[in-house]
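Residue numbers (full-length UniProt numbering), protein chains in the order written: chain A, 1 to 81; chain B, 1 to 81.
To keep things clear, I will list the structure first and then write my remarks on it.
Number of protein chains: 2
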Amino acid sequence: MRNVISSPQSAGFTVRAILATNIVMLREQKEWSQEMLGFECGLHRTFIAHVERQARNISIDNIEKIATALGVEPYQLLKST
Amino acid sequence: MRNVISSPQSAGFTVRAILATNIVMLREQKEWSQEMLGFECGLHRTFIAHVERQARNISIDNIEKIATALGVEPYQLLKST
DNA sequence: TTGTGACTTCTAGTCCGTT
DNA sequence: AAACGGACTAGAAGTCACA
Numbered sequence: 001m002r003n004v005i006s007s008p009q010s011a012g013f014t015v016r017a018i019l020a021t022n023i024v025m026l027r028e029q030k031e032w033s034q035e036m037l038g039f040e041c042g043l044h045r046t047f048i049a050h051v052e053r054q055a056r057n058i059s060i061d062n063i064e065k066i067a068t069a070l071g072v073e074p075y076q077l078l079k080s081t
Numbered sequence: 001m002r003n004v005i006s007s008p009q010s011a012g013f014t015v016r017a018i019l020a021t022n023i024v025m026l027r028e029q030k031e032w033s034q035e036m037l038g039f040e041c042g043l044h045r046t047f048i049a050h051v052e053r054q055a056r057n058i059s060i061d062n063i064e065k066i067a068t069a070l071g072v073e074p075y076q077l078l079k080s081t
C-alpha cells in the first residue's frame with residue numbers, strides 16, 4: 001500500500017487552495033473588487049491578490065478579518081464546498 | 001493592531017481562542033502531550049504551547065499540519081462547538 | 001482591475017534553558 | 001507535564017512599481 005492521500009484529507013497544503021477559492025467566490029458574489037475587499041478588511045489590495053493566488057501563507061488573524069468583511073464565519077472560508 | 005500580545009476575548013481575534021480550545025480538546029482526547037503533538041505535526045513543542053495559550057498568530061499551513069496530526073479537517077479547528 | 005517580484009519591518013517559530 | 005524567558009533565524013505582513 002502506498003501512502004498517497006490515504007488520510008481523511010490530503011497531506012499537502014490544500015487548505016490554502018480552498019481558502020482562495022472561497023474568498024474569490026464570496027467576493028465576486030458581492031461584486032467587490034480586490035481593492036474594495038482590501039478596504040473593507042483593512043488589508044492591502046495586493047495582499048488580497050496574493051492570497052487569492054495562493055501565493056501567501058496567511059495567518060489566522062487575517063483570515064478572521066477577511067471572513068468578517070465577507071460576512072461569514074472564519075471556519076467557512078476553510079471548508080470546501 | 002499589530003503588537004497586541006494576547007488579550008483573550010478582546011474584539012477581533014476570537015478565532016484564535018476557538019482554535020486554541022479545539023486543539024487542547026483534541027490533543028487531550030488522544031492523551032498526547034504538547035511535545036507529542038509537536039512531534040506529530042513537525043512543529044516545536046514551545047510553539048504548540050504558545051498557540052494553545054493564544055499567544056501566537058499561526059499561519060494557515062501550520063493550522064493544516066496540526067489538523068492533519070489530530071485527524072480532523074482544518075476547518076473543524078476553527079469551528080466553535 | 002488584477003498579477004507579480006522585490007523589498008523592509010516585525011513576528012512566527014526554533015532551540016536552549018528554568019520554574 | 002506545562003508555563004515562561006532569552007536569543008536567535010525563517011518567514012509573514014505590508015507596500016510598491018509595473019506588467
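Ideal Cβ positions, reconstructed from N, Cα and C, are used throughout, including at glycine.
Quantities reported herein were computed from a predicted structural model and do not represent experimental measurements.
DSSP places B/Thr14 inside the alpha helix (DSSP H), whose first and last residues are 14-29. In the DSSP secondary-structure assignment, B/Ser59 is bridged to A/Ser59.
For B/Arg27 and A/Arg45, the gap between their C-alpha atoms comes out near 37 Å. The three-state reading of DSSP puts A/Glu73 in coil, since its state is none of H, G, I, E or B. Taken through DSSP and simplified to helix, strand or coil, A/Gly38 comes out as helix.
Rounded to whole angstroms, the gap between the alpha carbons of B/Ile18 and B/Ser80 is 6 Å.
Secondary structure at B/Lys79: coil, using DSSP grouped into helix, strand and coil.
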